[in-house]
Structure formats: C-alpha cells, structure tokens
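Mapping to my numbering: the sequence shown position 159 is 159, numbers consecutive. Glycine included, every Cβ here is placed at the ideal spot set by N, Cα and C. All values derive from a computational prediction rather than experimental measurement.
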Amino acid sequence: MTSVKRLQLTLAIMKPHVVSCPFSLLDIRRTILDNGFYVVRSVRQTIQLEQAERFYSEHKTKFFYNRLITFMTSGPSEAYILAREDAIAVWRRLMGPTKVFQSQLSHPDCIRARHGLTDTRNATHGSDSDESVRKEVNIMIPQFSFEHWNQIEEPLFRNGKVQFNKDQFIHVLHS
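Structure representation (structure tokens):
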C-alpha cells in the first residue's frame, strides 16, 4: 500500500471483554487490516487506575464514570496506534455508534454491534480528533514519539516500506 497524502494516526483500544474473547479480538484485528490500516504500535496492558482516571477525566462527573474506570482496569486491554489516510474518521465509522443497542439497529455490521455487550462494554475506543490522539497516546503508550513518527517513520509507512508481523500484530520497518 502506497500513498501520497500523509498518514493520520488514531488510537484504538480493544477493551478487556474483547481481549478475553479470542474470536472477537481476531475478528476486530481482521477488520483493521482489511480496511487498510497500518498497525504502528501494539501494546497489551492492564490499564492502571491512574492511567484510566487521566484517560477518562472528561467523564469524571458523569454517572457512568466509576463503572467505566472499574471495567477498564479489570483486565488486559490492547492499545493500537493505527495509521492510514483519514484514520480517525475511518476507525470511528468501523466502530459504529457508542451505544451498543443503537448500533445493532442502525449499523448492524459495525464492530460495536458485533462485539459490544453494553454501553460501557462496547468493544472499542477510538480517538475523535488529532488533539485527542496526542493526549490519549501520551497516556496509553507514553514511549511513542510523534516527532520520530513524523520525521522518520511516517514517510516509510506511507511508501509501503514495512512488513506485517502477524505474531505481534504490528507493521515493522524493512531492515
């Protein structure tokens, strides 16, 4: 896959109930690859309380906040930095509406309709803007360097100078 337009990054999180179900995780991974995304980083981790509180700070006053924090720290999640043209919009379209029952009616083929259980356990997260990508990646994958990505990696990814490592679910630069 080669491209002229710069690749956009987005953060995708596979929530704990998805990671614990191999069928769901593999289906979502297949959807990611089938839709032309590069997997720039792939991290499996149990989100720590402090990370979750920072990540979801905008929801602190909402009724579902404690349930969301408890769920997101309940077991391993997978965080992916994905890249492609219009990555944010494409990933959000693939995820579908946040509310699972709404997604099952209006977008039955979307990820959340297929793998979501409730509005909290809605399978995936996706950044909603370039600003959110930076904030969220800095919380979930703090070792990632946007400067290194922009200067070194992005042109190589854009020109297809990568190969896919299926065991680690990540695209790596050709050596």
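Along the beta strand (DSSP E) that carries residue 165, what are the first and last residues, could you check?
-> Here residue 165 is taken as the residue at index 165 of the sequence shown, counted from 1. First-last of the beta strand (DSSP E) with residue 165: 162–165.
Nonlocal neighbours in the same chain, by C-beta distance under 6 Å from residue 104, ignoring five residues either side | On the sequence shown, position 104 is the one that residue 104 refers to. Cβ within range, chain order: 113.
Please state whether DSSP places residue 13 in a helix, a strand or coil.
-> Here residue 13 is taken as the residue at index 13 of the sequence shown, counted from 1. In this structure, residue 13 counts as strand in the three-state DSSP scheme.
Using alpha carbons as the reference points, say which of 18, 87, 171, 159 lies closest to residue 75.
-> Position 75 of the sequence shown, counting from 1, holds the residue named residue 75. Minimum Cα distance to residue 75 is reached at 18.
Quick one: what does DSSP say residue 43 is sitting in, helix, strand or coil?
-> As a position in the sequence shown, residue 43 is number 43, starting the count at 1. Strand.
Do residue 55 and residue 139 have their C-beta atoms within less than 9 Å of each other?
-> As a first step, residue 55 is located in the sequence shown; it is residue number 55 there, counting from the start. As a first step, residue 139 is located in the sequence shown; it is residue number 139 there, counting from the start. Against a cut-off of 9 Å, the Cβ pair of residue 139 and residue 55 comes out as a contact.
May I have the straight-line CA-CA distance separating residue 195 from residue 98, to the nearest angstrom?
-> In the structure as shown, the chain begins at 1 and stops at 175. Residue 195 is therefore absent and cannot be evaluated.
Where in the stretch 42–112 do unbroken runs of the beta strand (DSSP E), each at least 3 residues long, occur, reported from the N-terminal end onward?
-> 77–84
C-alpha gap between residue 168 and residue 67, whole angstroms | To locate residue 168, count along the sequence shown from 1; it is residue 168. To locate residue 67, count along the sequence shown from 1; it is residue 67. Approximately 31 Å, taken between the alpha carbons.
Can you tell me where the beta strand (DSSP E) with residue 173 in it begins and where it stops?
-> Locating residue 173 in the sequence shown gives position 173, where the first residue counts as 1. Run containing residue 173: 170–173, per the beta strand (DSSP E) assignment.
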